[in-house]
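Number of protein chains: 2
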Amino acid sequence: MSGGPFYDRVALIGLGLIASSMFWAIRRAGLAGEVTGFARSAATRETARRIGLCDRVCDSAAEAVDGADLVVLAVPVGAMGDMAAAIAPALKPGATLSDVGSVKRHVIDAVAPHLPEGVHFVPGHPLAGTEHSGPESGFAELFDNRWCLLVPVDGTPPEPVARLRAFWEGMGAHVEEMEADHHDLVLAVTSHAPHLIAYTMVGVADDLRRVTDSEVIKYSAAGFRDFTRIAASDPTMWRDVFLTNKDATLEILGRFTEELFALQRAIRTGDGELLFDYFTHTRAIRRGIIEAGQDTDAPDFGRAKVTR
Amino acid sequence: MSGGPFYDRVALIGLGLIASSMFWAIRRAGLAGEVTGFARSAATRETARRIGLCDRVCDSAAEAVDGADLVVLAVPVGAMGDMAAAIAPALKPGATLSDVGSVKRHVIDAVAPHLPEGVHFVPGHPLAGTEHSGPESGFAELFDNRWCLLVPVDGTPPEPVARLRAFWEGMGAHVEEMEADHHDLVLAVTSHAPHLIAYTMVGVADDLRRVTDSEVIKYSAAGFRDFTRIAASDPTMWRDVFLTNKDATLEILGRFTEELFALQRAIRTGDGELLFDYFTHTRAIRRGIIEAGQDTDAPDFGRAKVTR
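Going line by line, the protein sequences match chains Z and A. Note that the first sequence covers residues 1 to 308 in the working numbering. Note that the second sequence covers residues 309 to 616 in the working numbering.
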């Protein structure tokens, strides 16, 4: 199933970083006939119309999904259930409903009850993002060489899953399937816990009385800068992620605290050997990531400008 | 004091990332007559000779510093004292001795007792680095638009400080002076604590039984990747940093843990408002860093290749 278009009409519900990048990626490769869009905020819809985001921006979600072969929910995880309820009556029989939420068990539990007969629900999660948000933050290359995880629910026939896979591949992503609970644990490790930790460290730096904000900002290149980038991500999205992937996130944070205490103890007691061995081991993990092609080895520390 | 050369002869003691970058930056701008180099390991000296790092690579530190107007100690913080003791008898009267260590109080305490009469000790710390190390990791642009902090000790006359400042500016850096203890606290916030936290998170991910290493590596783009880059930094250097900036690092980690517990509690109790407000606040700090020119706003998440 290569080439496309894969759907006559795609509806993007929510027009933030992910949906706007999807639109430009769909356009780049000609993956769909018409793309409609809806955002709850009138200002966002206005911006979308101004910059040509979507072929048609609709003033209601029901209007946007009317006749669509693929509907993608690209709203914060906490808003998925209500949005599914709002569009359910307007969904076309045989349509595929998907989403791009960072948490999968909660989205399945929130969306599935609203699904009308004959609509195929194929949850998804593209592992791509920047610290920017909103309709103007998207760009066609966001998904290039990134993973998109599909989390099909029991009983979904293979055809809609295969079609959605080909659609994401057309947007540049590599696609894998994963079970919902395992997805949520893997993401707690690779994304959710690191985000909370980065938010925390940036908060601590800001709160410290004896080091001024301007010093923190000025001297951020020494390691802290990568944390601030992560901690600049969309607040609504991340609030919902933590509240809806609570158990896995708290489990990983518990493990993290345990380990941090062990390293703090090594510092306090002057156990240089433990520290050296630990740091040598983590360095090897980085090498694995470079070999897996998920980052480059360039010594830029995120400094280089790229073209949009 | 612009243009240079600022020193007839510069000796670089230790030939890792910082010293090798200094050599290429000195060459780029013609900041010194001859540059000599020394590394404890014969293999490193061999590599340096092969790639043309330094005008002359010496087999002893005393030989390298003989006749030098500026000597820069670029060895791990824990090795500074012994190295100072080894070169002290060979230092030329009127020479400037400096270093590039990430901790300043400890280096001053370790080096100052060995200083011969008439040698000016001007400690320094360039806030620049990558996760790479060794003589082949250096590049001339490392210090461009980065900060270099000078931490002069009491009684140092102004001329050697001004000359060293001009020298660092010639290598592309912005220079500021700071008091040693304040330096160590600022760096504990902006660099040392973030590094330990990144090391810890990478260690936790690796140690988790239910998520495979290959999954962690494969899906690292979702936030974790920035941590692994930080956690790939040189183990010897970082062991020494934590052992020699113990008090400030432990203080910041204590504050961090306190704050992390408050956020974990908000997740557990479902306090979305606290989380949202916290994340909104940290986002503003990121904006400050971009405005201060210490990072770009490009949506690349460290992906772009740069040329060496």
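A virtual CB, placed ideally from N, CA and C, is assigned to each residue, including glycine.
Under the three-state DSSP convention, the category residue 447 of chain A falls into: coil
- prompt: Can you name, in chain order, every residue of its own chain whose Cβ lies under 6 Å from the Cβ of residue 69 of chain Z, other than the five neighbours on each side?
  reply: 7, 8, 9 and 95
task: Go ahead and label residue 576 of chain A buried or exposed: buried means 16 or more other beta carbons lie within 10 angstroms of its beta carbon, across all protein chains shown.
output: exposed
- request: Find the residues of chain A that neighbour residue 69 of chain Z, judging by a C-beta separation of less than 8 Å, and give them in chain order.
  value: Neighbours of residue 69 of chain Z on chain A: none; closest Cβ ~29 Å, over 8 Å.
message: Give me the chain A residues within the contact set of residue 91 of chain Z, using Cβ-Cβ distance strictly less than 7 Å, ordered along the chain.
response: What residue 91 of chain Z touches in chain A: nothing, since even the nearest Cβ is about 29 Å away.
message: Between the region 93 to 107 of chain Z and the region 137 to 147 of chain Z, can you find at least three pairs of beta-carbon atoms closer than 8 Å?
response: no
field: Selected residue, minimal CA-CA separation from residue 29 of chain Z, among Z:141, Z:57, Z:93 and Z:98
entry: Z:141
message: With H, G and I counted as helix, E and B as strand and the rest as coil, what does DSSP make of residue 73 of chain Z?
response: strand
message: Just to confirm my understanding: we take residue 232 of chain Z, look at its own chain, exclude 5 residues before and 5 after, and list those with CB closer than 7 Å. What are they?
response: 131
query: Does the region 123 to 130 of chain Z come within contact of the region 36 to 56 of chain Z, defined as at least 3 CB pairs closer than 8 Å?
result: no
Reduced DSSP secondary structure (H/G/I, E/B, other) of residue 177 of chain Z: strand
- prompt: Are there three or more Cβ pairs, one per stretch, closer than 8 Å when the region 239 to 246 of chain Z is compared with the region 519 to 531 of chain A?
  reply: no
task: For residue 514 of chain A, return the contacting residues in chain Z, with the cut-off set at a CB-CB distance below 8 Å.
output: 281, 282 and 285
- prompt: From the beta carbon of residue 609 of chain A, is the nearest beta carbon of chain Z less than 8 Å away?
  reply: The predicted position of residue 609 of chain A is uncertain, since its pLDDT is 35 and thus under 50; no value can be drawn from it.
- prompt: By Cβ distance below 8 Å, which residues in the same chain neighbour residue 325 of chain A in space, the five residues on each side in sequence not counted?
  reply: 437, 438, 440, 441, 442, 445, 446, 450 and 542
query: In chain A, what lies closer than 9 Å to residue 209 of chain Z by C-beta?
result: Those do not exist, as residue 209 of chain Z stays about 10 Å from chain A at its closest Cβ, beyond 9 Å.
query: residue 509 of chain A touches chain B at which residues, Cβ-Cβ below 8 Å?
result: Here the protein chains are Z and A, and chain B is not one of them.
- prompt: Secondary structure at residue 219 of chain Z, three-state DSSP: helix, strand or coil?
  reply: coil
query: How should residue 249 of chain Z be labelled, buried or exposed, when 16 other C-beta atoms within 10 angstroms of its C-beta is the threshold for buried?
result: buried
message: Taking the straight line between their C-alpha atoms, what separation do you get for residue 320 of chain A and residue 452 of chain A?
response: 19 Å
Within chain A, partners of residue 146 of chain Z - CB distance below 8 Å: 529
message: Would you say residue 246 of chain Z lies against chain A (beta-carbon separation less than 8 Å)?
response: yes
query: From Z:178, Z:292, Z:195 and Z:247, pick the residue whose C-alpha is nearest to that of residue 590 of chain A; which is it?
result: Z:195
- request: Mind reading off the beta-carbon distance from residue 486 of chain A to residue 516 of chain A? Whole number of angstroms is fine, and I expect it under 8 Å.
  value: Their Cβ separation, rounded to whole angstroms, is 40 Å, which puts residue 486 of chain A and residue 516 of chain A out of contact at 8 Å.
- prompt: Of all Cβ atoms in chain A, is any one closer than 8 Å to the Cβ of residue 128 of chain Z?
  reply: yes
- prompt: Just the Cα atoms here: how many angstroms apart are residue 200 of chain Z and residue 230 of chain Z?
  reply: 11 Å
- request: Indicate whether at least one CB of chain Z lies closer than 8 Å to the CB of residue 412 of chain A.
  value: no
- prompt: Since residue 329 of chain A is in the alpha helix (DSSP H), which residue starts that stretch and which ends it?
  reply: 325 to 337
message: So if I threshold CB-CB distances at 7 Å, which residues from the region 168 to 185 of chain Z count as touching chain A?
response: 185
query: If the cut is a Cβ gap below 8 Å, which residues of chain Z does residue 568 of chain A touch?
result: 196, 197, 200, 253 and 257
message: For the alpha helix (DSSP H) containing residue 204 of chain Z, name the first residue and the last one.
response: 193 to 207
message: As an exercise, report each continuous alpha helix (DSSP H) stretch of at least 4 residues that is fully enclosed by the region 216 to 264 of chain Z, in chain order.
response: 224 to 230 and 235 to 244
message: Give me the DSSP bridge partner(s) of residue 434 of chain A.
response: A:456
- prompt: Does the Cβ of residue 124 of chain Z have 16 or more other Cβ atoms within 10 Å, making it buried, or fewer, making it exposed?
  reply: buried
- prompt: So which residues of chain Z does residue 550 of chain A contact, with C-beta pairs closer than 7 Å?
  reply: 267 and 275
field: Classification of residue 610 of chain A by the beta-carbon crowding that lies within 10 angstroms, buried from 16 upward
entry: Here the model assigns residue 610 of chain A a pLDDT of 35, short of 50, so the residue's position is not dependable, and the following value carries that caveat. Looking at its Cβ environment, which holds 16 or more other Cβ atoms inside 10 Å, residue 610 of chain A is buried.
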